[in-house]
Amino acid sequence: MKGPLFYSKILLFGEYGIIKDSKGLSIPYNFYKGALKSDASVSKEVSASNKSLEAFAIYLEKLTTDEPQLVSFDLEVLKADVAAGMYFDSSIPQGYGVGSSGALVAAIYDKYAQNKITVLENLTREKLLKLKTIFGKMESFFHGKSSGLDPLNSYLSLPILINSKDNIESTSIPSQNAEGKGAVFLLDSGIIGETAPMVQIFMEQMKNDGFRSMLKNQFIKHTDACVEDFVSGNIKSLFGNLKQLSHVVLDNFKPMIPAKFHDLWKKGIDTNEYYLKLCGSGGGGYILGFTEDFEKAKTALKDYKLEVVYNF
Numbered sequence: 001m002k003g004p005l006f007y008s009k010i011l012l013f014g015e016y017g018i019i020k021d022s023k024g025l026s027i028p029y030n031f032y033k034g035a036l037k038s039d040a041s042v043s044k045e046v047s048a049s050n051k052s053l054e055a056f057a058i059y060l061e062k063l064t065t066d067e068p069q070l071v072s073f074d075l076e077v078l079k080a081d082v083a084a085g086m087y088f089d090s091s092i093p094q095g096y097g098v099g100s101s102g103a104l105v106a107a108i109y110d111k112y113a114q115n116k117i118t119v120l121e122n123l124t125r126e127k128l129l130k131l132k133t134i135f136g137k138m139e140s141f142f143h144g145k146s147s148g149l150d151p152l153n154s155y156l157s158l159p160i161l162i163n164s165k166d167n168i169e170s171t172s173i174p175s176q177n178a179e180g181k182g183a184v185f186l187l188d189s190g191i192i193g194e195t196a197p198m199v200q201i202f203m204e205q206m207k208n209d210g211f212r213s214m215l216k217n218q219f220i221k222h223t224d225a226c227v228e229d230f231v232s233g234n235i236k237s238l239f240g241n242l243k244q245l246s247h248v249v250l251d252n253f254k255p256m257i258p259a260k261f262h263d264l265w266k267k268g269i270d271t272n273e274y275y276l277k278l279c280g281s282g283g284g285g286y287i288l289g290f291t292e293d294f295e296k297a298k299t300a301l302k303d304y305k306l307e308v309v310y311n312f
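The opening position of the sequence shown corresponds to residue 1 in the UniProt record's numbering, with each subsequent residue numbered one higher.
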C-alpha cells in the first residue's frame, strides 16, 4: 500500500496574528512531502510512526463519537491498517514550522473520512470552513489547539488566503519570476521548535494590555498590509511593510526567536539586505527570510543553510 502524497506548507504571514483575526497567507511547499505506507520493514522510525497512528486512531474514534455530525471515519479499516503496520512516511521535518502533522492529518482524512469534502467539488466558503474545523479538531491531537490551516493547505495543495477566522478562500498568488533577484527563503536555525510552549508564552503575554495593544495596532496592521501587498504583487510596498513587521517581532516576540539569532535579525533590518520573520510558532525550526537581492542575503548569511521558497 502507498497513499497519495501530501505536501508541507509555509505560512508566509499570519503566525500568532490569525489567533486574533489578522489576515494570513499560507502556501504549499512541495519540497517536503509525506504519504501513508505499509510494508514489511520495521525500523525504529516506522515503529514510532505506527505507534503514534494507533493512538491517533483511538482519538479519532472518540472524536467521531463526540461529534458525529462533524465527521466520521471508517474506523474498522483504519484500525486494521494500523494493526497491519501502516505508518506515515514523511520527509517533512518535525518542529520546523512547515506542517508535519498537517500533512498526516490530510492523508488520514483523505483515506478514511466518510462523506468527505473533496478537492474536486466547488469549494464554497462553508465547505472550506467545515474542512478547517474538522482538521483543527483532528490536529489538536498533536499539539493542543490547532487552527486546522496546515492540514487544509496540505489537503487542497492551494494557497489559502485567511481574511479572518470565519472568512477563508483559496487564492492565486503572482507567478514566480525565475529570473528575479528577490526571494522568500527558509533559514535553518538548527534547533527543533516546540509549538505548544511557544503558544503558551503568547497566551500569557495576551493578558498584558500593552502587548494586546501592540498586537492590534502594529503586528496585525503590518501583517495585513504584507498579505495584501504579496497577493497583489506590490513588491515595493511589501518590503516597506516587511521591515516594520520584522522590527515589531524582534521587539515583542523575543522568546520565540532563538537567542543566537537576535543580532542576525537586527542586522537585516539595519542593512536592508534581508528581513527575517517567524515561520510557524518559532522557538527554533525554520526562520522565514525575505530579500530583494538573494545574492546579497546569501553573502550576509553565509554561515547558514538557506532554501529558496519563492522568487520575485
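Just so it is clear, CB atoms sit at the ideal spot from N, CA and C, and this is done for glycine as well.
To which residues of the same chain is Val248 closer than 8 Å at the C-beta, ignoring the five residues directly before and after it? Met214, Gln218, Phe219, His222
Considering only the alpha carbon of each residue, which of Ser157, Phe13, Tyr29 lies closest to Lys23? Phe13
Count Cβ pairs between the stretch 183 to 202 and the stretch 50 to 63 that sit closer than 8 Å; are there 3 or more? no
State the start and end residues of the unbroken alpha helix (DSSP H) segment that holds Val249. 235 to 252
DSSP state of Lys145, grouped into three classes? coil
Assuming Ile257 contacts Gly282 (C-beta within less than 8 Å), just tell me the rounded distance between them. 6 Å
Straight-line gap, Asn122 to Ser170 (C-alpha atoms, nearest Å): 11 Å
Need the endpoints of the alpha helix (DSSP H) that Leu53 sits in, please. 44 to 66
6 Å Cβ shell around Glu54 - same chain, five flanking residues per side excluded: Val82
Boundaries of the beta strand (DSSP E) in which Leu123 is found, first to last residue: No beta strand (DSSP E) holds Leu123; DSSP gives it neither H nor E.
What separation, rounded to the nearest whole angstrom, lies between the Cα atoms of Asn30 and Gln205? 34 Å
Expected contact under 8 Å - CB spacing of Tyr87 and Val46 to nearest Å: 5 Å
With a CB to CB cut of under 8 Å and the five nearest residues on each side skipped, what residues in its chain are close to residue 317? There is no way to answer for residue 317, as the model of the chain reaches only from 1 to 312.
Within this structure, are the beta carbons of Lys298 and Leu306 separated by less than 8 Å? yes
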